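Please read the structure below before turning to the comments.
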Amino acid sequence: MLRMASSFPEEVLEHVFSFIYDDKDRNAISMVCKSWYEIERWCRRRIFVGNCYAVSPPMVIRRFPEVRSVELKGKPHFADFNLVPEGWGGYVYPWIAAMATAYPWLEEIRLKRMVVTDEALELIAKSFKNFKVLVLSSCEGFSTDGLAAIAANCRNLKELDLRESEVDDLSGHWLSHFPDSYTSLVSLNISCLGSEVSFSALERLVGRCPNLRTLRLNRAVPLDRLANILCRAPQLVELGTGTYSAELQPDVFSSLAGAFSGCKELRSLSGFWDAVPGYLPAIYPICPSLTSLNLSYATIQSTDLTKLVSQCQSLQRLWVLDYIEDIGLEALAAFCKDLRELRVFPSEPFAQEPNVSLTEQGLVSVSEGCPKLHSVLYFCRQMTNDALATIARNRPNMTRFRLCIIEPRAPDYITLQPLDDGFGAIVEHCKDLQRLSMAGLLTDRVFEHIGNHAKKLEMLSVAFAGDSDLGLHHVLSGCENLRKLEIRDCPFGDKALLVNAAKLETMRSLWMSSCSVSFGACKLLGQKIPRLNVEVMDERGPPGSRPESCPVEKLYIYRTVAGPRFDMPGFVWTMDEDSALRLS
Amino acid sequence: MSMRLEHDYIGLSSEVPPMESSDKKFSAGGLHLKATELRLGLPGSESPERENGNSQLNIGVHCNNSGSSSSSSSCCNNNNNKSFVLGAKRGFSVAIHGGSANWVFSGSPGSEPAFSPRAANAGKVITGSDSVPVSKDGLPQSPKPIAQEKKNQILGVNGHGVAAASKAQVVGWPPIRSFRKNTMASHTPKNDDDAEAKLGSGFLYIKVSMDGAPYLRKVDLKTHGSYTELSSALEKMFSCFTIGQCGSHGVPSRDGLSESRLIDLLHGSEYVLTYEDKDGDWMLVGDVPWKMFTDSCRRLRIMKSSEAIGLAPRAMEKCKSRN
Chain A
1 MLRMASSFPE EVLEHVFSFI YDDKDRNAIS MVCKSWYEIE RWCRRRIFVG
51 NCYAVSPPMV IRRFPEVRSV ELKGKPHFAD FNLVPEGWGG YVYPWIAAMA
101 TAYPWLEEIR LKRMVVTDEA LELIAKSFKN FKVLVLSSCE GFSTDGLAAI
151 AANCRNLKEL DLRESEVDDL SGHWLSHFPD SYTSLVSLNI SCLGSEVSFS
201 ALERLVGRCP NLRTLRLNRA VPLDRLANIL CRAPQLVELG TGTYSAELQP
251 DVFSSLAGAF SGCKELRSLS GFWDAVPGYL PAIYPICPSL TSLNLSYATI
301 QSTDLTKLVS QCQSLQRLWV LDYIEDIGLE ALAAFCKDLR ELRVFPSEPF
351 AQEPNVSLTE QGLVSVSEGC PKLHSVLYFC RQMTNDALAT IARNRPNMTR
401 FRLCIIEPRA PDYITLQPLD DGFGAIVEHC KDLQRLSMAG LLTDRVFEHI
451 GNHAKKLEML SVAFAGDSDL GLHHVLSGCE NLRKLEIRDC PFGDKALLVN
501 AAKLETMRSL WMSSCSVSFG ACKLLGQKIP RLNVEVMDER GPPGSRPESC
551 PVEKLYIYRT VAGPRFDMPG FVWTMDEDSA LRLS
Chain B
1 MSMRLEHDYI GLSSEVPPME SSDKKFSAGG LHLKATELRL GLPGSESPER
51 ENGNSQLNIG VHCNNSGSSS SSSSCCNNNN NKSFVLGAKR GFSVAIHGGS
101 ANWVFSGSPG SEPAFSPRAA NAGKVITGSD SVPVSKDGLP QSPKPIAQEK
151 KNQILGVNGH GVAAASKAQV VGWPPIRSFR KNTMASHTPK NDDDAEAKLG
201 SGFLYIKVSM DGAPYLRKVD LKTHGSYTEL SSALEKMFSC FTIGQCGSHG
251 VPSRDGLSES RLIDLLHGSE YVLTYEDKDG DWMLVGDVPW KMFTDSCRRL
301 RIMKSSEAIG LAPRAMEKCK SRN
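First to last, the sequence lines map onto chains A and B. All residue numbers for the first sequence refer to UniProt numbering, where the first residue is 1 and numbers rise by one. All residue numbers for the second sequence refer to UniProt numbering, where the first residue is 1 and numbers rise by one.
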């Protein structure tokens, strides 16, 4: 160590480390020796906490005293689908409170699936003088009052992104709290808000911020105001329209078309709520340069969609409703050779019968025609093993593959067999697969395939699949890089979990709901493995009031160095040594 | 399997059925349970029978004797006086039973307490070991799962008029985010000039608070077609807010029982279901037709009936003035 210290002064090492951004690399550096650990921790500026309960704010602050950017994630992913009841947790306030004193120079806060209160927002607004970036992704618990505090106080704010958060929308007045002297806005995403902001305030804000490159409006912004906004910001790179519907009027159309043509840098479009086909041609001039197109709220039909995508030869990302149908996807495959990511959402997810002609064939076409396609989310109503195998062979470069067949446990609709072999082909051919969501009728065999082949898999989502504990065992014992596993409605019980208990400490988290894991097994896990929080969620009352063999409703297990948490609601119980004794 | 006899906080015993069974309806261990059962019910009607007993909290919401979606503004006479303390025409009583907290309040006669054998099963997909599809739980009345999206509800509201899907749906399936569901559900027909419908198309999830409960719940009004369905959803949601059950964890529930709560319980105080409408007024749930209710409801609150006195007359007046 003496040799190291004398050969490179600290300042030099620090300078070298400043070029290293990736967390994994930084973690590796910090493990070389004690002095590197010390130097590194003083110069780490950005931290990412994938599970806010895996560590506590004081622990983070103690190790990394000079942080400028924090990213936190709270609730489990299945919270997106209402599987996590309200009040579960994920409160950001304790973090903000701790950082308010420890990190006065904090610049960036990015949160996902956390509960953010107005109090927290107000604390952010007054504690961090150089605050620049606030991204609230799928968060909730705050109102437009909190946003007003941010707008009024954060003089150096560059980015305010509320993507898909649930905001208590009291009024649109908050936007007017940006002072007239405020000009540093670079990115604004208010697409999740319901109420109308003052359009003149919006236009003035847009007009005085020369660095604005991302603007995602909300549905309440009418189409006839869009042209004015665009004309004030021709430098925009990313735009989300408001409602894309109005009576067809030639003057409105021509000013809109003109405004779009003026935005030479525009590469990404979204919004398009209530889109009427008559106004689509307004964007034709910029289609050839678009790299990202989100039409997933646009209820336009296949013909118009096909015409549109056929002009987007540079398209890399497309999000669209299943109105595009197989025929539109064939056009996509033919014209958009640079496509990397495709998401097809269902227009009528609760209908019994298909309302559009979108089948497995559409996805097969895209997999054939788009050599760079590596990320897929596809909702459909039928699938075959053959189609999956074809997709797998066509696209061995697939890294994210999420398939959802609307009907749970749907078999191969031609052979009526389970889809084990189809997904088996996916994991076999796509050696770099990082994320997989499966669908349809699946037996333990598919899990055997996954355990054998999916060596790079990091996240797996399973629903209504498998026959026995063997399925879970295959995954836990075979997938070396597994970090997140979420399971619902599968016949997995105690055995696989207990046998693979050590594996759980190598993962970020495991979610199991409506499975067959007994309360007794949960207690055992909680007792055996100290650095795991085993949380049982049960709205029927304390698990101790039922037999030990009784399956728990929901189970969330995650590794942590912070011990059990204390902000749990009444329907969540931690299984650890102490509580296990208390509850039994 | 043998039954476990459990004693609840106030010494009433009841049978807690084993988890595996799902079909049997269990009657109360003694008549005293029925008599003290508190039900959330509108006049003249009872909570829908719940053989599978998925709920531990019984909230029945009906506007008139027919028991299903309410019609017109007729605020029908209460011929079931036991349930109502207010002197108001309607009120809701809350029955909380099942599990280990079997205390119940005064109830409407004729309604049987239904204990929940396996709350988790109700309405949700039965776990794979059963290999039973969702819709076939073999019960005469399949319970409506909470927060279920029903195509007929969503499309009915939108006026698409497609035939309703009768199959019970699964929580959180298909896996679509709430934001997307809400946005798609509120797509207005092209010729709808209702500006408010377009602008206020945000979220259909309504916050529900219950006096004394530590935190809010949310319910998606659009997924229910009637007061009946709403009531079952609320029952399920608030069933865990029994005495002392929620609160500091690790502390056995019994210790959390406070004296005042016990007094409430013993004196049979009831809860009423109220909502805040678009004008900011608090009204009793059940007075207006269902559709009008969902259009104007901004927030729900299960409040103590003692606090709700005075609501009813206003509600009726408003109700009348609307028509």
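All C-beta atoms, glycine included, are put in the ideal place defined by N, C-alpha and C. All values derive from a computational prediction rather than experimental measurement.
Cross-strand partners of residue i (DSSP beta bridge)
| i | result |
| --- | --- |
| A463 of chain A | A:R488 |
| V206 of chain A | The partner list for V206 of chain A (beta bridge, DSSP) is empty, contrary to what the question assumes. |
| W319 of chain A | A:N294, A:R343 |
| E11 of chain A | Its beta-bridge partners do not exist; DSSP assigns none. |
| R217 of chain B | B:V208 |
Whole-angstrom C-beta distance between residue j and residue i, which should lie under 8 Å
| i | j | result |
| --- | --- | --- |
| E112 of chain A | S138 of chain A | Sequence check: residue 112 of chain A is Lys here, not Glu. Rounded, the Cβ-Cβ distance is 6 Å, consistent with contact. |
| V237 of chain A | R216 of chain A | Not really, about 12 Å apart at Cβ, beyond 8 Å. |
| D326 of chain A | Q361 of chain A | 5 Å |
Spatial distance of residue i from residue j (CA atoms)
| i | j | result |
| --- | --- | --- |
| L308 of chain A | V276 of chain A | 13 Å |
| S296 of chain B | V517 of chain A | 43 Å |
| P551 of chain A | G544 of chain A | 11 Å |
| I229 of chain A | F253 of chain A | 15 Å |
| M575 of chain A | I109 of chain A | 32 Å |
| G172 of chain B | F81 of chain A | 5 Å |
| L442 of chain A | L230 of chain B | 35 Å |
| residue 586 of chain A | M512 of chain A | A question about residue 586 of chain A goes unanswered here, because the residues of chain A that appear run from 1 up to 584. |
| N51 of chain A | P289 of chain B | 45 Å |
| T299 of chain A | T243 of chain A | 12 Å |
| R62 of chain A | R409 of chain A | 49 Å |
| R219 of chain A | L532 of chain A | 43 Å |
| F566 of chain A | Y93 of chain A | 14 Å |
| L305 of chain A | I20 of chain A | 43 Å |
| T399 of chain A | A334 of chain A | 22 Å |
| C263 of chain A | L280 of chain A | 16 Å |
| S305 of chain B | A213 of chain B | 15 Å |
| P354 of chain A | K455 of chain A | 36 Å |
| K519 of chain A | R393 of chain A | According to the sequence as given, residue 519 of chain A is Phe; it is not Lys. Rounded to whole angstroms, F519 of chain A to R393 of chain A spans 43 Å at the Cα level. |
| L160 of chain A | K484 of chain A | 29 Å |
| I324 of chain A | D287 of chain B | 44 Å |
| V561 of chain A | S347 of chain A | 43 Å |
Cutoff 9 Å: residue i Cβ touching any chain B Cβ
| i | result |
| --- | --- |
| A463 of chain A | yes |
| S347 of chain A | yes |
| S477 of chain A | no |
| W273 of chain A | yes |
| E166 of chain A | yes |
| D489 of chain A | yes |
| Y297 of chain A | yes |
| S138 of chain A | yes |
| F253 of chain A | no |
| W128 of chain A | Note that residue 128 of chain A is Phe in the sequence shown, not Trp. Taking Cβ atoms only, chain B never reaches closer than 9 Å to F128 of chain A, which makes this a no. |
| F379 of chain A | yes |
| F447 of chain A | no |
| S509 of chain A | no |
| R400 of chain A | no |
| S437 of chain A | yes |
Closer than 9 Å to chain A by CB, residue i
| i | result |
| --- | --- |
| D277 of chain B | no |
| S296 of chain B | no |
| M184 of chain B | yes |
| G212 of chain B | no |
| K222 of chain B | no |
| S178 of chain B | yes |
| E6 of chain B | The predicted position of E6 of chain B is uncertain, since its pLDDT is 41 and thus under 50; no value can be drawn from it. |
| K218 of chain B | yes |
Test: residue i CB closer than 9 Å to a CB of chain C
| i | result |
| --- | --- |
| S226 of chain B | Of the protein chains in this structure, namely A and B, none is chain C. |
(request) Select from the segment 403 to 428 of chain A all residues with a C-beta closer than 7 Å to any C-beta belonging to chain B, and list them in chain order. (result) C404, I406, P408
(request) Could you name the residues of the segment 81 to 98 of chain A whose beta carbon sits closer than 8 Å to any beta carbon of chain B, in the order they occur along the chain? (result) F81, N82, L83, P85, E86, G87
(request) Could you name the residues of the UniProt domain "F-box" (8 to 49) of chain A whose beta carbon sits closer than 7 Å to any beta carbon of chain B, in the order they occur along the chain? (result) none
(message) At a CB distance below 8 Å, what residues from the segment 181 to 199 of chain A approach chain B? Give them in sequence order.
(response) C192, L193, G194, S195, E196
(message) Residues of the segment 68 to 79 of chain A in Cβ contact with chain B at a cutoff of 9 Å, in chain order, please.
(response) Residues of the segment 68 to 79 of chain A whose Cβ lies closer than 9 Å to any Cβ of chain B, in chain order: F78.
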